[in-house]
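Comments concern the structure below.
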Amino acid sequence: VSFVDGVNLHGSRILRRAELPCRPPHVAIINSAYVVEVSETRTVLERELCKEVRDTLATNGKVIIPVYGVGAFFHDLLALLQDYWVSMHLQHVPIYATSDSLVHAASSFLPLCADSYTAAFVGRSPSVPILKLPDLKLLVEPTSRPMVIFTAGASIGGSGDTHRVLRAIGHHPDNLLVLSEFRTPGTINHAFLNNVACADLPKSFVDSIACRLHTFPCGDEVDAREVVELARQCRPSSSLVLRGADASDPFLLDALRPLHLPVTALQVDDVWTQLVPRDLNVRLRVNLAFQGGVVPTLMLAETRKTLYFNNELSGMRRLKKKKHTLAFGHTWKYPKGGSGGVSCSKAHKRPGKRTPFGLSMLLSNEASESDDELAADDVDANVVGVLDAVVSALHQWLGWAPDQIERQPTWLRVASVEVSVTPDWSITMNWSFEDEELASRVFGLCQRVVETQYRDAHQ
Numbered sequence: 022v023s024f025v026d027g028v029n030l031h032g033s034r035i036l037r038r039a040e041l042p043c044r045p046p047h048v049a050i051i052n053s054a055y056v057v058e059v060s061e062t063r064t065v066l067e068r069e070l071c072k073e074v075r076d077t078l079a080t081n082g083k084v085i086i087p088v089y090g091v092g093a094f095f096h097d098l099l100a101l102l103q104d105y106w107v108s109m110h111l112q113h114v115p116i117y118a119t120s121d122s123l124v125h126a127a128s129s130f131l132p133l134c135a136d137s138y139t140a141a142f143v144g145r146s147p148s149v150p151i152l153k154l155p156d157l158k159l160l161v162e163p164t165s166r167p168m169v170i171f172t173a174g175a176s177i178g179g180s181g182d183t184h185r186v187l188r189a190i191g192h193h194p195d196n197l198l199v200l201s202e203f204r205t206p207g208t209i210n211h212a213f214l215n216n217v218a219c220a221d222l223p224k225s226f227v228d229s230i231a232c233r234l235h236t237f238p239c240g241d242e243v244d245a246r247e248v249v250e251l252a253r254q255c256r257p258s259s260s261l262v263l264r265g266a267d268a269s270d271p272f273l274l275d276a277l278r279p280l281h282l283p284v285t286a287l288q289v290d291d292v293w294t295q296l297v298p299r300d301l302n303v304r305l306r307v308n309l310a311f312q313g314g315v316v317p318t319l320m321l322a323e324t325r326k327t328l329y330f331n332n333e334l335s336g337m338r339r340l341k342k343k344k345h346t347l348a349f350g351h352t353w354k355y356p357k358g359g360s361g362g363v364s365c366s367k368a369h370k371r372p373g374k375r376t377p378f379g380l381s382m383l384l385s386n387e388a389s390e391s392d393d394e395l396a397a398d399d400v401d402a403n404v405v406g407v408l409d410a411v412v413s414a415l416h417q418w419l420g421w422a423p424d425q426i427e428r429q430p431t432w433l434r435v436a437s438v439e440v441s442v443t444p445d446w447s448i449t450m451n452w453s454f455e456d457e458e459l460a461s462r463v464f465g466l467c468q469r470v471v472e473t474q475y476r477d478a479h480q
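Residue numbers in the sequence shown follow my numbering, run continuously in steps of one, and reach 480 at the last position.
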């Protein structure tokens, strides 16, 4: 039995490449919860982070990096910044840490983990030291210079160093907060977003955070391609067991299907982690669907189903309206007389503003109203036929088998995405925040199906 938990097949700046046993196992257990949304190369990601850090320092800002523990994320970022400091001649900018364990990490922890790190990293002697932050008053002094601060204790609440540093300088928009892309229990983002150290999070403190946000994948994070490659190299003879939040992801299962492996997806990850599931799933997304560019975005959810929205343009603000929950809806009606080729008996009185299926949908869940009036000879939609065509399109383009789709006479459901069709050629969709990407794909397919069915009905 081979148990693989977050293995990087290609290595990183400090980590060695994963070494798999030569003999294929009977059973291989792979943790698919480490599938992250990374499409760029490691060099591009490092270059983007260094550019964000340099822009922050140029405006006399400060870079805050919460650290959950002395591990790969801390050493990876520290080595990257130290090399960048030397190449760009930034030795005058100090790198601080709030705890002694981070300051003396190289001498205390590296000998214990020498087998996991590259020989070049273990034997390096950096010329840029990491210093202990003498006092938090140094952060708020009028003559304070730019700096980088590694804070121990990654929770946003409680009495940890991260909480105190954010309370001191988190309100300044020129400062930068750097987080990892881990979202699993026991990691930086899970502790930060789920407020592990403190049950109560003051609203005044959250509203005061206005610094910018940048995410950077940890060195031992893997993406879906590496999970598939890992399964190909392991090639178990009896069973390949996927565990984690993404074990039943249809795209991951489709990528594994050509390998002809006996795949088993565990539906409940609590069997392994023994954690009580949260009522609200909190995700950290770099971008939202159909946005013109990458918008660094931070989402915080409370137990009262209240959303906080933070990006570089608007800063942190609370969405107070009752319709701002983690369940979203959208209604779309086929514009008769438009792309379908059938002229409408009455023209628009005024052009309606199209609501984009993205950020404005998140901030306002009101259904868009159409100014079109049905003509007297208009044909009603065959609801059953439209839903049959939607099921066929989901199977053809997204790989969803008919037995995976919950079907009713007037609606169907895929994961948390519910689609209903009415005789007036309207589509109503409801979905949860965690299936936002799937909802955008289903919405596009439903639009094409309704357009085709409408043209066929009027020919």
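Every residue gets a Cβ at the ideal spot worked out from N, C-alpha and C, and that includes glycine. Being a predicted model, the structure only gives us computed values, none of them experimental.
DSSP-derived helix/strand/coil call for residue i
{"i": "L465", "result": "Per the sequence presented here, residue 465 reads as Gly, with Leu not at that position. If DSSP states are grouped into helix, strand and coil, G465 belongs with the helices."}
{"i": "T473", "result": "helix"}
{"i": "W446", "result": "coil"}
{"i": "L39", "result": "Contrary to the premise, residue 39 reads as Ala rather than Leu in this sequence. Reduced to three states, the DSSP call for A39 is coil."}
{"i": "Q480", "result": "coil"}
{"i": "P423", "result": "helix"}
{"i": "H7", "result": "The structure shown has nothing for residue 7, since the chain only spans 22 to 480."}
{"i": "S441", "result": "strand"}
{"i": "S201", "result": "coil"}
{"i": "S453", "result": "strand"}
{"i": "R487", "result": "What the structure shows of the chain is the stretch from 22 to 480, and residue 487 is not part of that stretch, so it cannot be assessed."}
{"i": "L30", "result": "coil"}
{"i": "R256", "result": "coil"}
{"i": "A460", "result": "helix"}
{"i": "N386", "result": "Note on N386: pLDDT 38, under 50, position unreliable in the model; the coordinate value appears next. Reduced to three states, the DSSP call for N386 is coil."}
N-terminal and C-terminal residue of the alpha helix (DSSP H) that residue i is part of
{"i": "G192", "result": "A small correction: the amino acid at residue 192 is His; Gly does not occupy that position in the sequence shown. From DSSP, H192 is part of no alpha helix (DSSP H); its letter is neither H nor E."}
{"i": "T77", "result": "R63 to A79"}
Range of the contiguous beta strand (DSSP E) that encloses residue i
{"i": "L433", "result": "W432 to V435"}
{"i": "A402", "result": "Per DSSP, A402 belongs to no beta strand (DSSP E) and is neither H nor E."}
{"i": "L277", "result": "Counting along the chain, L277 falls outside any beta strand (DSSP E), though it belongs to the alpha helix (DSSP H) covering P271 to L277."}
{"i": "A49", "result": "V48 to N52"}
{"i": "H235", "result": "R233 to T236"}
{"i": "V482", "result": "The first residue shown for the chain is 22 and the last is 480, placing residue 482 beyond what the model contains."}
{"i": "R264", "result": "S260 to R264"}
{"i": "I85", "result": "K83 to V88"}
{"i": "S23", "result": "S23 to V25"}
Rounded distance between the beta-carbons of residue j and residue i, thought under 8 Å
{"i": "S260", "j": "K354", "result": "So it is not a contact: roughly 48 Å between Cβ atoms."}
{"i": "S437", "j": "D456", "result": "5 Å"}
{"i": "K72", "j": "N196", "result": "Between N196 and K72 the Cβ distance is about 16 Å, and since that is not below 8 Å, they are no contact."}
{"i": "L459", "j": "A414", "result": "About 14 Å; that fails the 8 Å criterion."}
{"i": "W432", "j": "F349", "result": "So it is not a contact: roughly 16 Å between Cβ atoms."}
{"i": "H125", "j": "I35", "result": "With 8 Å as the limit, H125 and I35 do not qualify as a contact, their Cβ atoms being about 17 Å apart."}
{"i": "T119", "j": "L154", "result": "5 Å"}
{"i": "T285", "j": "V262", "result": "5 Å"}
{"i": "L273", "j": "R253", "result": "Incorrect: roughly 13 Å between the Cβ atoms, too far for contact."}
{"i": "P257", "j": "A49", "result": "4 Å"}
With 16 other Cβ atoms within 10 Å as the buried cut-off, status of residue i
{"i": "M109", "result": "exposed"}
{"i": "V107", "result": "exposed"}
{"i": "E247", "result": "buried"}
{"i": "T80", "result": "exposed"}
{"i": "A422", "result": "exposed"}
{"i": "R264", "result": "buried"}
{"i": "E427", "result": "exposed"}
{"i": "V65", "result": "exposed"}
{"i": "H479", "result": "exposed"}
{"i": "H19", "result": "Since the first residue of the chain shown is 22 and the last is 480, residue 19 is not available in this structure."}
{"i": "D182", "result": "buried"}
{"i": "C43", "result": "exposed"}
{"i": "V463", "result": "buried"}
{"i": "A141", "result": "exposed"}
{"i": "F94", "result": "buried"}
{"i": "E439", "result": "buried"}
{"i": "E67", "result": "buried"}
{"i": "V435", "result": "buried"}
{"i": "Q474", "result": "buried"}
{"i": "E40", "result": "exposed"}
{"i": "R233", "result": "buried"}
Proximity test, residue i beta-carbon vs the ligand GDP heavy atom, cut-off 7 Å
{"i": "R246", "result": "Within the structure as shown, the ligand GDP is missing, as the structure has no ligands at all."}
Complete beta strand (DSSP E) runs within the stretch 91-167 (minimum length 3 residues, chain order): 116-118
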